[in-house]
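Encoded as structure tokens, the structure appears first; notes follow it.
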Amino acid sequence: MEEQKIIGRGTWIDKLADELLEREKSLGRSTNMIRVESGLGASGIPHIGSLGDAVRAYGIKLALENFGFKSELVAYSDDLDGLRKIPEGLPDWLKDHIAKPVSFIPDPFGCHDSYGLHMSSLLLDGLDKLGIKYKFQRGVDTYRNGLLKDQIHTILTNNKKIGEKIAEFVGQEKYQEALPYFPVCANCGRLYTAIAYEYLPDEKKIKYKCSGTTIGSKILDGCGHEGIADITKDLGKLAWKVEFAARWQAFDIRFEAYGKDIMDSVKVNDWVADEILGFQHPTHVKYEMFLDKGGKKISKSLGNVVTSQAWLRYGTPKSILLLLYKRITGAREIGFEDIPVLMDEYHELENIYFGKIKLDNENKTTRVKGLYEYVNLLKPSSPTPYVNYRLLVQLCKIFREDRTSKVTKKLIEYGTMKEPSSEIDELITLAGNYADDFDKPTKVEVQIDAMTKKTLSELASILSAEKEPEDLQNTIYNIAKSNGVQPKDFFRILYQIILAAERGPKIGPFILDIGRKKVASTISEYL
RNA sequence: GGGUUCGUAGCUCAGCCAGGUAGAGUACCGGACUUUUAAUCCGGCUGUCCGGGGUCCGAAUCCCCGCGAACCCGCCA
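In the working numbering, the protein residues as written are 25 to 551.
So this is what it looks like as structure tokens:
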């Protein structure tokens with residue numbers, strides 16, 4: 025069997041970029057500037073999966089540049105989309121704005137000019153923190169400036185053909201009647217309710233009536249307004265089934281990834297681009313959606329949504345990039361509990377990259393190194409100090425006050441590291457947040473009889489004394505015995521009180537580590 | 001109705017997309033270790049890789065057929 029040739033840096037990203045280049049070559053298109061696109065939803069709070077689309081597209085851009093081509097990422101915000109439903113956790117008054125473009129709805133958080141801008145800013149903020157560079161393009165500006173006017177014209181004059189094809193491809197029949205264009209009603213400011221029924225090609229104007237529509241199971245009444253909209257400058261937008269194609273041609277897009285939920289739309293758009301607009305559709309890659317743990321939407325109570333902002337409270341930007349660049353296929357359930365693994369995995373990659381760990385398989389080494397390079401956006405610098413994340417979480421659970429210095433001291437005692445560093449301090453902060461938010465100490469119900477109670481109060485007074493007791497381990501053992509309490513039971517109760525666990529580290533030194541006065545006050549809460 | 005993904009240790013999963021000795025965490029057992037308790041560290045144990053066929057010198061990995069599970073589309077964007 026012949027040896028497989030390694031493409032680029034050996035990752036799926038390189039392979040995809042290579043396929044893209046081959047395709048462009050066979051189409052005979054110019055490759056002076058290869059643009060990749062990512063669509064950003066602006067209708068809800070962006071999940072970490074929403075970042076994936078842009079981050080992966082950026083990976084392709086990096087690979088293309090690595091091959092010696094110029095490339096840029098266009099981040100297109102769908103902020104002319106209408107609000108279809110109120111995302112969970114957002115105020116009820118938004119219902120008055122259903123079907124209005126998200127860019128014309130006030131920001132419920134009060135910090136941006138509009139709802140849409142707030143949402144897309146969250147996403148862009150996530151990209152900025154990861155170091156992803158992009159050219160931002162707003163849907164609102166795109167239509168207001170008539171950037172798609174030629175495509176809209178061509179699509180509307182071919183609407184019959186397109187409507188039939190949509191019905192054939194996906195079984196959706198509405199576009200055999202309605203035009204695939206939604207004007208914003210000049211009277212009530214909503215789209216979807218205004219139905220376009222006639223296109224006047226010479227004037228490039230569309231006739232519509234705001235007669236209402238259904239969104240999901242809800243019926244939305246129109247305001248009855250009849251109007252005429254100019255497709256070159258009035259507000260309105262193409263239906264998704266044809267809009268991508270228009271964008272691809274107008275912006276000369278050569279690559280776009282997509283989630284499997286819009287598979288059908290992409291199929292239609294590819295056909296529209298190829299057959300109606302005469303622009304060979306971009307290279308695609310399909311990815312699976314990120315699901316919440318459990319395979320379904322668990323409690324989407326606010327704060328439990330996996331946003332990049334929340335992730336970065338516990339993990340580094342590189343842990344997100346690793347998650348997104350590791351692979352593209354496969355269904356994945358994602359949650360904050362994946363952070364420790366990814367943190368440690370990144371460090372392992374780093375050790376392999378810098379030769380501290382050797383793999384026996386040469387191909388694998390190449391690919392792992394390539395992955396590390398992409399996670400560092402092809403600019404790896406030097407190894408950073410690291411401590412196992414789980415160990416840090418455990419230590420942070422024990423030390424809550426004056427955490428950084430106490431955990432650092434313990435790590436040096438363990439011999440895990442030699443000296444403090446700002447990188448480790450940062451890790452302690454992240455792991456500390458993780459410990460605080462996900463391993464909350466719960467005050468457990470502990471069954472305490474009279475004898476034990478007496479013993480506990482005796483212990484509490486010893487602990488709160490000014491002088492530190494010598495050999496605390498032995499002292500505890502003795503006071504239990506002298507009160508007629510089984511040491512075994514007494515130890516268990518102490519662990520329950522201090523750690524909310526049945527067992528724990530050796531109790532004497534452990535109490536001193538936490539601070540004996542603090543333990544004394546914790547114990548007194550149970551007396 | 002159409003489509004996609006998943007099935008690997010008791011449990012949770014990685015490895016598959018570019019084939020080359022079956023892997024982690026957890027659980028369990030033992031040790032460092034003290035008057036029994038081990039957070040931490042070290043060592044050990046754990047397999048019908050869902051079933052069947054095919055390609056190959058070689059398959060958990062690639063192809064085909066089943067079985068089971070989940071998700072998406074068939075509103076809209």
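Even glycine gets a Cβ: it sits at the ideal position worked out from N, Cα and C.
Please read all numbers here as calculations on a predicted model, not as lab measurements.
*Would DSSP call residue 63 helix, strand or coil?*
For the purposes of this step, residue 63 is taken as residue 39 along the first sequence, with counting starting at 1. Three-state result, residue 63: strand.
_Closer than 8 Å is the cut-off here; do at least three beta carbon pairs connect the region 90 to 103 with the region 144 to 161?_
yes
*Hey, residue 239 and residue 122: beta-carbon distance below 9 Å or not?*
If you number the first sequence from 1, residue 239 lands on position 215. If you number the first sequence from 1, residue 122 lands on position 98. In contact: residue 239 and residue 122 (Cβ atoms closer than 9 Å).
*Is it buried or exposed for residue 35, if we count other Cβ within 10 angstroms and need 16 for buried?*
Here the question's residue 35 lines up with position 11 in the first sequence. By the 10 Å Cβ count, residue 35 comes out buried.
*Are residue 269 and residue 303 closer than 9 Å when you measure CB to CB?*
In the first sequence, residue 269 corresponds to position 245, counting from 1. In the first sequence, residue 303 corresponds to position 279, counting from 1. Taking 9 Å as the Cβ cut-off, residue 269 and residue 303 qualify as a contacting pair.
*Can you give the Cα-Cα distance for residue 504 and residue 544, rounded to whole angstroms?*
Along the first sequence, read from residue 1 onward, the residue named residue 504 stands at position 480. Along the first sequence, read from residue 1 onward, the residue named residue 544 stands at position 520. Distance between the alpha carbons of residue 504 and residue 544: 16 Å.
*From residue 284 to residue 312, what does the alpha carbon distance come to, in whole angstroms?*
Numbered from its first residue, the first sequence carries residue 284 at position 260. Numbered from its first residue, the first sequence carries residue 312 at position 288. Each residue's alpha carbon lies about 6 Å from the other.
*Near residue 325, which residues of its chain fall below 6 Å by C-beta distance, leaving aside the five closest residues on each side in sequence?*
Numbered from its first residue, the first sequence carries residue 325 at position 301. Reliability of the predicted coordinates at residue 325 is poor, the pLDDT of 43 falling under 50, and no value is obtained from them.
*Is the beta carbon of residue 260 sitting closer than 9 Å to the one on residue 230?*
In the first sequence, residue 260 corresponds to position 236, counting from 1. In the first sequence, residue 230 corresponds to position 206, counting from 1. Yes, the pair counts as a contact, with Cβ atoms nearer than the cut-off.
*Buried versus exposed call for residue 57 [16 or more other C-beta atoms within 10 Å across all chains shown]*: For the purposes of this step, residue 57 is identified with residue 33 of the first sequence, where counting begins at 1. Classification for residue 57: exposed.
*Would you mind working out which of 484, 408 and 395 sits nearest residue 38, comparing C-alpha positions?*
Counting from 1 along the first sequence, the entry for residue 38 is found at position 14. The shortest Cα separation from residue 38 among 484, 408 and 395 belongs to 395.
*asked:* DSSP three-state label for residue 55, please.
replied: Stepping through the first sequence from its first residue, residue 55 is reached at position 31. Note: residue 55 maps to coil in three-state DSSP.
_Meets three-Cβ-pair contact criterion under 8 Å: the region 85 to 92 and the region 194 to 202_ = No: fewer than three Cβ pairs fall under 8 Å.
*Roughly how many angstroms lie between the CA atoms of residue 342 and residue 546, to the nearest whole one?*
As a working note, residue 342 is residue 318 in the first sequence. As a working note, residue 546 is residue 522 in the first sequence. Taking the straight line from one Cα to the other gives about 39 Å.
_Residue interval of the alpha helix (DSSP H) (run including residue 192)_ = Sequence index remark: in the first sequence, residue 192 carries index 168 (1-based). Counting along the chain, the alpha helix (DSSP H) containing residue 192 begins and ends at 183 to 194.
*Closest by CA to residue 340, which one among 61, 450, 233 and 236?*
Counting from one through the first sequence, the residue named residue 340 turns up at place 316. Nearest of 61, 450, 233 and 236 to residue 340, Cα basis: 450.
*Would you report the Cα separation of residue 496 and residue 532, rounded to the nearest angstrom?*
One-based indexing of the first sequence puts residue 496 at position 472. One-based indexing of the first sequence puts residue 532 at position 508. Using only the alpha carbons, I get a separation of about 5 Å.
_According to DSSP, residues forming a beta bridge with residue 238_ = Within the first sequence, residue 238 is the residue found at index 214, counting from 1. For residue 238, which the question treats as bridged, DSSP gives the partners 243.
*Could you check if residue 351 is buried or exposed, using at least 16 other CB atoms within 10 Å of its CB as the buried criterion?*
Residue numbering aside, residue 351 sits at position 327 when the first sequence is read from its first letter. Result: exposed.
*Take residue 307 and list the residues in its own chain whose beta-carbon comes closer than 6 Å to its own, dropping the five residues that flank it on each side.*
By 1-based counting over the first sequence, the position of residue 307 is 283. Excluding the 5 residues flanking it on each side, residue 307 has same chain C-beta neighbours closer than 6 Å at 44, 47 and 279, in chain order.
*Going by Cα to Cα distance, which pick from 102, 76 and 548 is closest to residue 487?*
Numbered from its first residue, the first sequence carries residue 487 at position 463. If we check each option's Cα against that of residue 487, 548 comes out closest.
*Counting Cβ pairs, one atom from each stretch, are 3 or more of them under 8 Å apart for the region 105 to 113 and the region 366 to 383?*
no
*Below 8 Å on the Cβ atoms is my guess for residue 100 versus residue 163; work out the distance and round it to an integer in Å.*
Taking the first sequence and counting its residues from 1, the one referred to as residue 100 is at position 76. Taking the first sequence and counting its residues from 1, the one referred to as residue 163 is at position 139. Yes, residue 100 and residue 163 are in contact; Cβ-Cβ is about 7 Å, under 8 Å.
*Do you know how far the Cα of residue 407 is from the Cα of residue 530?*
For the purposes of this step, residue 530 is identified with residue 506 of the first sequence, where counting begins at 1. For the purposes of this step, residue 407 is identified with residue 383 of the first sequence, where counting begins at 1. The alpha-carbon atoms of residue 530 and residue 407 are separated by roughly 35 Å.
*Given a cut-off of 9 Å, decide if residue 314 and residue 72 are closer than it, judged by their beta-carbon atoms.*
Taking the first residue of the first sequence as position 1, residue 72 is located at position 48. Taking the first residue of the first sequence as position 1, residue 314 is located at position 290. Yes, these two residues count as a Cβ contact at 9 Å.
*asked:* Determine whether the beta carbon atoms of residue 246 and residue 209 lie at a separation below 9 Å.
replied: On the first sequence, position 222 is the one that residue 246 refers to. On the first sequence, position 185 is the one that residue 209 refers to. For residue 246 and residue 209, yes; Cβs fall inside 9 Å.
*Going by other Cβ atoms of all chains shown within 10 Å of its Cβ, with 16 needed for buried, is residue 66 buried or exposed?*
Taking the first sequence and counting its residues from 1, the one referred to as residue 66 is at position 42. Residue 66 should be labelled buried.
*Which one or two residues does DSSP pair with residue 314 in a beta bridge?*
The residue you call residue 314 lines up with position 290 of the first sequence. Answer is 356, bridged to residue 314.
*6 Å CB neighbourhood of residue 410 in its chain, flanking five on each side removed*: On the first sequence, position 386 is the one that residue 410 refers to. Result list for residue 410: 371, in chain order.
_Within a Cβ cutoff of 6 Å, which residues of the same chain sit near residue 296, ignoring the five residues on either side of it in sequence?_
Counting from 1 along the first sequence, the entry for residue 296 is found at position 272. Contacts found: 266 and 269.
*Would you list the one or two residues that DSSP bridges to residue 79?*
If you number the first sequence from 1, residue 79 lands on position 55. Residue 79 pairs with nothing; no bridge assigned.
*residue 142 by DSSP, collapsed to three states: which one?*
Taking the first residue of the first sequence as position 1, residue 142 is located at position 118. Of the three classes helix, strand and coil, the one that applies to residue 142 here is helix, per DSSP.
*Which term fits residue 1, buried or exposed, when burial requires 16 or more other beta carbons within 10 angstroms of its beta carbon?*
Residue 1 falls outside the range modelled here, since the chain spans only 25 to 551, and no answer is possible.
*Enclosing alpha helix (DSSP H) for residue 279 [first to last residue]*: In the first sequence, the residue the question calls residue 279 occupies position 255. Careful: residue 279 lies outside any alpha helix (DSSP H), inside the beta strand (DSSP E) at 277 to 283.
_Rounded C-alpha distance that separates residue 537 from residue 459_ = Taking the first residue of the first sequence as 1, we reach residue 537 at position 513. Taking the first residue of the first sequence as 1, we reach residue 459 at position 435. Answer to the nearest angstrom: the Cα atoms are 17 Å apart.
*How close, in whole Å, do the beta carbons of residue 177 and residue 228 come, if the pair is a contact with beta carbons under 8 Å?*
In the first sequence, the residue the question calls residue 177 occupies position 153. In the first sequence, the residue the question calls residue 228 occupies position 204. About 6 Å; that satisfies the 8 Å criterion.
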